[in-house]
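S.K.:
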Amino acid sequence: MAEKAQDAQVEATEAKQNNAPEVSEAQKNPEKFLKEFNWHNYQEGIDEVEDSQLKEFEKLVSENFVDTLDDEVVEGEVIHITDRDAIIDINAKSEGVISLNEFRYNPNLAVGDKVEVLIDVREDATGQLVLSHRKARVIKAWDRVNKAHETGEIVNGFVKCRTKGGMIVDVFGIEAFLPGSQIDVKPIRDYDQYVNKTMEFKVVKINHEFKNVVVSHKALIEADIEEQKKEIIGQLEKGQVLEGVVKNITSYGVFIDLGGVDGLIHITDLSWSRINHPNEIVELDQKLNVVILDFDEDKSRIQLGLKQLSKHPWDALGEEVAVGDKVKGKVVVIADYGAFIEVAEGVEGLVHVSEMSWSTHLRSANDFVNVGDEVEAVILTLDREDRKMSLGIKQLTPDPWTDITTKYPVGSKHSGTVRNFTNFGVFVELEEGIDGLIYISDLSWTKKIKHPSEFCNVGDKLDVVVLELDVEGRKLSLGHKQTTENPWDKYESEFALGTTHTAEIADVVDKGATIEFNEDIVAFVPSRHMEKEDGKMLKKGDTAEFKIIEFNKEFKRVVASHTAVFKEEEIANVKAAAKKAEAQAAEAKPTLGDANEALQALKDKMDGK
426 MAEKAQDAQV
436 EATEAKQNNA
446 PEVSEAQKNP
456 EKFLKEFNWH
466 NYQEGIDEVE
476 DSQLKEFEKL
486 VSENFVDTLD
496 DEVVEGEVIH
506 ITDRDAIIDI
516 NAKSEGVISL
526 NEFRYNPNLA
536 VGDKVEVLID
546 VREDATGQLV
556 LSHRKARVIK
566 AWDRVNKAHE
576 TGEIVNGFVK
586 CRTKGGMIVD
596 VFGIEAFLPG
606 SQIDVKPIRD
616 YDQYVNKTME
626 FKVVKINHEF
636 KNVVVSHKAL
646 IEADIEEQKK
656 EIIGQLEKGQ
666 VLEGVVKNIT
676 SYGVFIDLGG
686 VDGLIHITDL
696 SWSRINHPNE
706 IVELDQKLNV
716 VILDFDEDKS
726 RIQLGLKQLS
736 KHPWDALGEE
746 VAVGDKVKGK
756 VVVIADYGAF
766 IEVAEGVEGL
776 VHVSEMSWST
786 HLRSANDFVN
796 VGDEVEAVIL
806 TLDREDRKMS
816 LGIKQLTPDP
826 WTDITTKYPV
836 GSKHSGTVRN
846 FTNFGVFVEL
856 EEGIDGLIYI
866 SDLSWTKKIK
876 HPSEFCNVGD
886 KLDVVVLELD
896 VEGRKLSLGH
906 KQTTENPWDK
916 YESEFALGTT
926 HTAEIADVVD
936 KGATIEFNED
946 IVAFVPSRHM
956 EKEDGKMLKK
966 GDTAEFKIIE
976 FNKEFKRVVA
986 SHTAVFKEEE
996 IANVKAAAKK
1006 AEAQAAEAKP
1016 TLGDANEALQ
1026 ALKDKMDGK
């Protein structure tokens, strides 16, 4: 190897002789100079060497030998290929060996090719120079990647595989990350179509700490798109019709790519008919014509329309359609106040809830129709200028109030269904369109009801009697208690004033007690009427006789007294004793003083002394 280096030095020296006016002995015969040079004398300082000779020597060495420092990338030449290795000449004192595994990316490697290598080890145990092509590629690749990042150079990369959120790209032998959002300006749904393809990229980010590289293909086309965008925006006018491609579909509208400029078709501008979602009208990547409705000052927000390209359905509505006609349609929207019926594509009419039933008692539109129902209705009003139409469903059936006096005369009995409650009564439906009100006072003869829900439930069947009828006001007054006899008519004689009844003290309350004569009559006993004959007071659970001292049928009020029972007897006994005393006095003819004493005694007894 040393001989080879010396030959190279000789050739280099001879090549320079043609230009050099003066040639030294070392330049004339460098091989002889190097061979005869006495290193020992030089190191010991025995022979003095001129500076010009040392400089000449250093020059020859630098021109003909490679400085084999570790971790240095140099260029070598493939001089031989075996089954397993490639022999690389880097112009050092010995050749280097690199495994062919490091050249798997280049199956066409041949003798004479120039390759970059890293001097890994200057000499191994066998004195062999150890080189690495893979490490050299990585070092050079990082240099090239950094340079591309700094200068904005466009680089080629090979898309190796798909990964979470993007793709892995081989750039100069380094694995770089291509985010899904940086593949193209439009959303990508099929990433696999880019695998195993070579594409152009721009290095947009490098993390030196973690050795991460991020590349973008989108950045290359954005510049061109920006130019196209400026050109398109400059030509935009309201009412202009353009061709676009459906780029994205959302719940509120569709984004259209107009060739680098995006516009939005709101869901209400897609179709004259009501739709629930834009995908009912369009699909992704679909080409369609759109009209420009509006845009802001810098034209960055462009509002597009699709339905405006076709004639308004109201303008296409036939002149033969008139008020009073029957039409069929589909329920498209239900609101609290009614339902919208689509009688033709893009033509809707409103059926107010009051026009759904002849009943004056309003209910929810959901009680009559559901979205999607096919219904028939009558046109009540029609305004072609304002594009409004009102419909009615109840008009398809006869008005039940036309013969109300015949079907429901005052005093007639009927059966109805409880529809709903109010604080003052119950609404009962006798038939579709005929509702009547039972006031809370007309529900029961005997029960004291605070709210109708205590008496019945919605959906219950109730027997009723027509109490009043207002044909003009479409009002029926009904009664339920009138279907049975008033038990208080019988109680009025049974519990008349002065009658005596036996009962038990049910409960002691403030200022008195209550007693239950039957399931309907609960009487009140004031405290002063609870005194027994022996002077003690009645208690809860005591059974005694009571005299009725008040009975009010209208207010269902009954008041009783226990004290009145025995005091009544006491008064009767006193009167009888007085009569007897008078008779005896007449017979005995007592003196006036005796008579006075007898009367005084009777008086004291009556007063309870």
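Per the working numbering, the very first residue in the sequence shown carries number 426; after that it's consecutive. Note that beta-carbon positions come from the ideal geometry of N, C-alpha and C, so glycine has one too. Nothing here was measured: the structure is a model prediction, and the numbers come from that model.
Answer with buried or exposed for M955, where buried requires no fewer than 16 other C-beta atoms within 10 angstroms of its C-beta.
M.R.: Taking the first residue of the sequence shown as position 1, residue 955 is located at position 530. Classification for M955: buried.
S.K.: Is the region 757-764 touching the region 674-693 in the sense that three or more CB pairs, one from each, lie closer than 8 Å?
M.R.: No contact exists between the region 674-693 and the region 757-764.
S.K.: Can you have a look at M962 and say buried or exposed, based on whether 16 or more other CB atoms are within 10 angstroms of its CB?
M.R.: Position 537 of the sequence shown, counting from 1, holds the residue named residue 962. With fewer than 16 other Cβ atoms within 10 Å, it is exposed.
S.K.: Specify the secondary structure class of N673 as computed by DSSP and reduced to three states.
M.R.: Against the sequence shown, residue 673 aligns to sequence position 248. Three-state result, N673: strand.
S.K.: Is V542 closer than 7 Å to V503 when the C-beta atoms are compared?
M.R.: Sequence index remark: in the sequence shown, residue 503 carries index 78 (1-based). Sequence index remark: in the sequence shown, residue 542 carries index 117 (1-based). No. Outside cutoff.
S.K.: If I measure Cβ to Cβ from V610 and keep anything under 7 Å in the same chain, skipping five residues before and after, which residues do I get?
M.R.: Working through the sequence shown from its first residue, we reach residue 610 at position 185. Here the set comprises K643, I646, E647 and I650.
S.K.: Using the DSSP secondary-structure output, state which residues sit across from Y864 in a beta bridge.
M.R.: Sequence index remark: in the sequence shown, residue 864 carries index 439 (1-based). In the DSSP output, where bridge partners are listed per residue, Y864 has G850.
S.K.: Decide if V896 is buried, meaning its Cβ has at least 16 other Cβ atoms within 10 Å, or exposed.
M.R.: Within the sequence shown, numbered from 1, the residue matching residue 896 stands at position 471. So V896 counts as exposed.
S.K.: If you pair each beta-carbon of the region 660-678 with each one of the region 707-723, do three or more pairs fall below 8 Å?
M.R.: Taking 8 Å as the limit for Cβ pairs, the verdict is that the region 707-723 does touch the region 660-678.
S.K.: With DSSP run on the structure shown, which of helix, strand or coil describes S557?
M.R.: For the purposes of this step, residue 557 is taken as residue 132 along the sequence shown, with counting starting at 1. Strand.
S.K.: Could you check where the beta strand (DSSP E) with K751 kicks off and where it finishes?
M.R.: As a working mapping, residue 751 is identified with position 326 in the sequence shown. Start and end: K751 to A760.
S.K.: Taking 6 Å as the limit between beta carbons, can you name the residues of its chain near S784, skipping five residues before and five after?
M.R.: For this step, residue 784 is matched to residue 359 along the sequence shown. Result list for S784: G858 and D860, in chain order.
S.K.: According to DSSP, is L922 helix, strand or coil?
M.R.: Within the sequence shown, the letter at position 497 stands for residue 922. Three-state DSSP puts L922 in coil, outside helix and strand.
S.K.: At which residue ranges does the region 514-547 contain complete beta strand (DSSP E) runs of 3 or more residues, listed in the order of the chain?
M.R.: Here the runs fully enclosed are 521-524 and 539-546.
S.K.: Give me the Cα-Cα distance between I564 and E600, rounded to the nearest whole angstrom.
M.R.: The count along the sequence shown starts at 1 and reaches residue 564 at position 139. The count along the sequence shown starts at 1 and reaches residue 600 at position 175. Each residue's alpha carbon lies about 13 Å from the other.
S.K.: In angstroms, rounded to a whole number, what distance separates the CA positions of V757 and C881?
M.R.: Numbered from 1 along the sequence shown, position 332 holds the residue referred to as residue 757. Numbered from 1 along the sequence shown, position 456 holds the residue referred to as residue 881. Straight-line Cα distance between these residues: approximately 37 Å.
S.K.: In terms of residues, what are the limits of the alpha helix (DSSP H) holding K832?
M.R.: As a working mapping, residue 832 is identified with position 407 in the sequence shown. Residues I829 to K832.
S.K.: Out of G577, I863, V776 and L855, which one is the CA nearest neighbour of Q1035?
M.R.: Here the chain covers residues 426 to 1034 and nothing more, so residue 1035 does not appear.
S.K.: Between which residues of its own chain and N848 is the CB-CB distance below 6 Å, once the five residues before and five after are set aside?
M.R.: Sequence index remark: in the sequence shown, residue 848 carries index 423 (1-based). Correct list: empty, nothing qualifies.
S.K.: So what does K886 bridge to, in DSSP terms?
M.R.: If you number the sequence shown from 1, residue 886 lands on position 461. Partner(s): T842.
S.K.: If you measure between the beta carbons of V889 and L903, is that distance less than 7 Å?
M.R.: Taking the sequence shown and counting its residues from 1, the one referred to as residue 889 is at position 464. Taking the sequence shown and counting its residues from 1, the one referred to as residue 903 is at position 478. Taking 7 Å as the Cβ cut-off, V889 and L903 qualify as a contacting pair.
S.K.: Using CA atoms only, rank isn't needed, just tell me which of L525, E520, K981 and E634 is closest to D508.
M.R.: Here residue 508 corresponds to residue number 83 of the sequence shown, with the count starting at 1. Comparing Cα positions, the closest option is L525.
S.K.: What do you get for S782, buried or exposed, if any count of 16 or more other CB atoms within 10 angstroms of its CB means buried?
M.R.: In the sequence shown, residue 782 corresponds to position 357, counting from 1. The residue is buried, with at least 16 neighbouring Cβ atoms inside 10 Å.
S.K.: Given H737, which residues of its chain have a CB within under 6 Å of its CB, disregarding the five upstream and five downstream residues?
M.R.: Position 312 of the sequence shown holds residue 737. Same-chain partners within the cutoff: there are none.
S.K.: Once the 5 residues before and after R587 are set aside, which same chain residues still bring their CB inside 7 Å of it?
M.R.: On the sequence shown, residue 587 is found 162 positions in, with the first residue counted as 1. Contacts found: Y616, D617 and V620.
S.K.: Kindly list the residues whose CB is nearer than 8 Å to the CB of G749, restricted to its own chain and excluding five residues on each side of it in sequence; keep chain order.
M.R.: Stepping through the sequence shown from its first residue, residue 749 is reached at position 324. These residues qualify, in order along the chain: V803 and I804.
S.K.: Are I523 and H558 closer than 7 Å when you measure CB to CB?
M.R.: Stepping through the sequence shown from its first residue, residue 523 is reached at position 98. Stepping through the sequence shown from its first residue, residue 558 is reached at position 133. Cβ atoms of I523 and H558: closer than 7 Å.
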